[in-house]
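Worksheet for the structure shown next.
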């Protein structure tokens with residue numbers, strides 16, 4: 366990997382992930398066009414006698430003689446499915462921190478009850494995956510056809526083991542992505558426990574966002590040598606925020622791929638904003654680290670204390686978004702326009 370791939374390694378998936386997916390897609394790799402996938406439902410077991418069909422976001426129609434019950438999922442997909450009542454048997458992607466605690470990206474998944482097949486980009490234990498005897502693999506996609514965190518080097522082998530489902534993120538709103546995971550979970554016989562209440566909470570928090578339309582908001586992620594300004598149309602959560610009435614800054618010149626604009630720390634003051642929302646994922650710099658950068662520290666929003674967390678990979682479930690949006694509303698209530 367070189368060029369644009371390495372340049373992006375600090376943002377999505379520790380930056381490695383999306384960049385690699387984009388590069389592979391540009392080289393003609395389809396990133397994963399398997400056939401069908403496995404899932405394990407929560408309190409209600411899927412009836413074995415019922416056949417199963419599902420069309421994923423690769424426009425691939427999957428058909429199985431019985432409902433998949435042994436699902437392996439990338440952590441973002443696992444977090445979404447878990448909240449709908451599906452219980453994956455294995456996960457891959459960032460799920461465990463160095464101290465052994467859960468990575469926030471894995472949401473409510475009980476990592477003591479699932480098999481971890483890989484914790485970082487390009488790590489996927491194929492032998493363990495085969496041993497689990499899965500009947501479905503589920504992952505999100507930033508590039509159509511490229512299953513997130515499924516390594517290119519072992520993609521073909523992985524897809525021979527079990528059918529796969531891909532759920533597209535790019536260019537979608539959060540409600541669309543959540544809806545797709547809801548559709549998948551229902552097809553797998555999920556319990557849906559707590560879903561109506563969480564959906565009501567999400568809708569109520571979304572309505573509250575309109576009151577902050579006068580705030581100009583910048584959404585960023587910090588790395589050791591770069592400062593990323595995200596491009597709203599590419600992210601389901603930011604599309605949702607803009608649809609709800611928030612004024613989120615769109616960078617003037619985005620990098621190849623369209624996901625963000627990379628700036629040097631010397632140019633971190635490129636855009637004015639009343640509020641800055643910063644990436645809280647483990648690979649991103651913490652606020653205290655970013656504030657050691659002089660150009661960032663002198664930004665009006667930073668000086669005014671209007672620097673708030675952005676859960677960049679909140680689970681695509683009503684529960685996940687209810688919590689994310691409620692926290693955002695509470696923080697934005699503290700802010701005011703800086704004129």
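Numbering (the numbering used here), first residue to last: 366 to 704.
C-beta atoms are modelled at their ideal positions from N, C-alpha and C, and glycine is treated no differently.
Taking just the CA atoms, how far does residue j sit from residue i?
i	j	result
residue 540	residue 564	10 Å
residue 706	residue 444	Because residue 706 is not part of the residues shown, which for the chain are 366 to 704, the question remains open.
residue 592	residue 566	33 Å
residue 677	residue 422	22 Å
residue 663	residue 631	11 Å
residue 626	residue 482	32 Å
residue 468	residue 642	20 Å
residue 490	residue 703	50 Å
residue 586	residue 655	10 Å
residue 533	residue 509	7 Å
residue 359	residue 633	The question about residue 359 has no answer, for the chain in this structure spans 366 to 704.
residue 410	residue 528	Here residue 410 scores only 44 on pLDDT, less than 50, and its place in the model should not be relied on; the value that follows carries that caveat. Each residue's Cα considered, the two are about 20 Å apart.
residue 553	residue 531	15 Å
residue 651	residue 673	11 Å
residue 464	residue 476	14 Å
residue 499	residue 524	11 Å
residue 621	residue 579	31 Å
residue 684	residue 458	21 Å
residue 609	residue 665	25 Å
residue 462	residue 425	35 Å
Based on the DSSP output, what are the partners of residue i in its beta bridges?
i	result
residue 582	613 and 640
residue 439	457
residue 425	DSSP, once it has assigned bridges, lists no residue as partnering residue 425.
residue 540	Looking at the DSSP assignment, residue 540 forms no beta bridge with any residue, so it has no partner.
residue 504	531
residue 498	Residue 498 pairs with nothing; no bridge assigned.
residue 477	None; residue 477 has no bridge partner.
residue 319	Nothing about residue 319 can be read from this structure; the chain reaches only from 366 to 704.
residue 587	592
residue 667	Paired residues: none, contrary to the question.
In the structure shown, what three-state DSSP assignment does residue i receive?
i	result
residue 489	coil
residue 650	coil
residue 564	helix
residue 533	strand
residue 467	strand
residue 432	coil
residue 674	strand
residue 526	helix
residue 600	coil
residue 513	coil
residue 419	strand
residue 619	coil
residue 708	No statement about residue 708 is possible, as the shown extent of the chain runs from 366 to 704 and does not include it.
residue 660	helix
residue 628	strand
Apart from the five residues on each side of it in sequence, which residues of its chain come closer than 7 Å, Cβ to Cβ, to residue i?
i	result
residue 449	546, 547, 550, 555, 557, 560 and 682
residue 675	584, 642, 643, 644 and 645
residue 495	526
residue 577	611 and 697
residue 393	Its pLDDT being 35, under 50, residue 393 is placed unreliably by the model, and the measurement read from it follows with that caveat. Excluding sequence neighbours, residue 393 sits near nothing in its chain.
residue 613	582, 584, 597, 603, 606 and 607
residue 700	580, 639, 640 and 671
Excluding sequence positions up to five away, which residues of its chain have a Cβ less than 8 Å from the Cβ of residue i?
i	result
residue 474	440, 443, 444, 447, 453, 456, 460 and 467
residue 691	566 and 570
residue 660	630, 631, 632, 633 and 634
residue 478	452
Between which residues of its own chain and residue i is the CB-CB distance below 6 Å, once the five residues before and five after are set aside?
i	result
residue 635	628
residue 493	482
residue 689	676 and 679
residue 535	507 and 599
residue 735	The structure shown has nothing for residue 735, since the chain only spans 366 to 704.
residue 590	none
Would the segment 528 to 540 count as touching the segment 601 to 609 if we require 3 or more Cβ pairs under 8 Å?
yes
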